[in-house]
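Residue numbers (this note's numbering): -16 to 238. Here a beta-carbon is modelled for each residue, glycine too, at the ideal position from N, C-alpha and C. Quick caveat, the model's predicted, so the values are computed rather than measured. Here's the structure, in structure tokens; my notes come after.
Structure below.
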């Protein structure tokens, strides 16, 4: 698989996760972020609308963009003051940095300063932030930007996923169909510990992503997600990201 596919899929996945989670943030958190813009520069209504545009990756005037980024950076540096706004602002800044193509935020400073706060966020939020920081670090080829531990990187640990996936594996002796739930479960169960099976799972996502998104149980989607989160080279030749909604039992979700 080419590096371009790896770059494209992994960046797409990281941005998509961040933007989705930022969109799920409480409206009050977005209001408090927008309040960081002085009213003399922008009305509260306009500030909130501009923040929504930047959060969704839509184009805004450069002067407006600078004001929004300034408010986001302020909120992303104040976890003790407003934790929901802190997380939301961090996710929007990281998504913006990845889509801008330059990773312009000082993610090394963010990680070194706030990693303890990221680690107490809901699992999906913490994993999305860590994946984005790793992605920017890899795009910059700057190794000291990379959070290394699997507990930081993964939404759910492999030990929690194995029994969930195993119960979907085939029980009979006949070989399962590779594109039906028992066959996919067997492949993912093996992929949690096998690079060869993980590569085969990437190929399966490349060929059947849309049908997997539509029909696969959340346990299996969580298995694909785990491969993305824990293997930097895992990158299907696909522009269909792995869904983040409907996590399997036991996976922490933002409240």
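Check                                                                                                                                                         : Outcome
Let me make sure I understand the geometry here. Which of 1, 195, 154, 161 has the alpha-carbon closest to that of residue 75?                                : 1
Looking only at C-alpha atoms, which of 119, 64, 21 sits nearest to residue -7?                                                                               : 119
How is residue 46 classed by DSSP in three states: helix, strand or coil?                                                                                     : helix
Would you report the Cα separation of residue 26 and residue 64, rounded to the nearest angstrom?                                                             : 23 Å
Can you give the beta carbon distance from residue 167 to residue 199, rounded, assuming they're within the 8 Å contact cut?                                  : 7 Å
Is it buried or exposed for residue 146, if we count other Cβ within 10 angstroms and need 16 for buried?                                                     : exposed
If contacts are defined as beta-carbon pairs under 8 Å, then residue 141 and residue 175 qualify, I think. What distance do you get, rounded to the angstrom? : 5 Å
Can you grab the Cα-Cα spacing for the pair residue 144 / residue 207, in whole Å?                                                                            : 11 Å
Using 8 Å as the threshold, is the C-beta distance between residue 213 and residue 139 below it?                                                              : no
Does the count of Cβ pairs from the segment 46 to 53 and the segment 106 to 113 closer than 8 Å reach three?                                                  : no
Restricting to Cα atoms, I'd like to know which of 23, 203, 135, 22 is closest to residue 151.                                                                : 203
Can you give me the C-alpha to C-alpha distance between residue -1 and residue 78, rounded to a whole angstrom?                                               : 8 Å
Using 8 Å as the threshold, is the segment 88 to 98 in touch with the segment 21 to 35, meaning 3 or more CB pairs across them?                               : no
Assuming the contact rule is C-beta atoms closer than 8 Å, residue 57 and residue 19 should be a hit. Round their C-beta distance to whole Å, please.         : 5 Å
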